[in-house]
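Numbering (the numbering used here), first residue to last: 144 to 288.
Beta carbons: idealized from backbone N, C-alpha and C, even for Gly.
None of these values were measured; they are calculated from a predicted model.
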């Protein structure tokens, strides 16, 4: 039953990304530079739902580079019994694995809530350029150590 929930949550995440792509196309500023995208927040929210589906903490995050999803992070604190497995750090670790590098310069972190100080420091160490969080896509700026 748990595997079915995980598959269902993944399917919902993919649908949210596809639906959000149309909305994101119209979210460029006057200068042509793209601002935060609801599409990527929706992907982070899907990670939050995935974490909740297995009884973990209600947090999710994704990492985006060049408008491509490169890291996904549902909270795994409870699941792994690892106090460092916050959603943001899981997204960073996933991106580093996928890209086969530790430097994530230019990447943007989207999170369902404001990253804690340790997650912000991890994002800074990885070279993440900007962080957005919450439903309102609040700009947390460049991460600091």
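Pick helix, strand or coil for residue i, following the three-state DSSP scheme.
i	result
residue 231	helix
residue 272	coil
residue 196	helix
residue 256	coil
residue 288	coil
residue 278	coil
Going by DSSP, what residue range makes up the beta strand (DSSP E) through residue i?
i	result
residue 283	281–284
residue 204	203–208
residue 211	211–217
residue 247	It is not in any beta strand (DSSP E) - residue 247 carries neither H nor E in the DSSP assignment.
Do the CB positions of residue i and residue j come within less than 7 Å of each other?
i	j	result
residue 285	residue 273	yes
residue 266	residue 208	no
residue 238	residue 221	no
residue 234	residue 204	yes
residue 254	residue 187	yes
residue 230	residue 202	yes
First and last residue of the alpha helix (DSSP H) that includes residue i?
i	result
residue 223	220–223
Looking at chain B, is there any beta carbon in it that lies within less than 7 Å of the beta carbon of residue i?
i	result
residue 178	Checking the listed chains, one finds no chain B in this structure; it contains a single protein chain.
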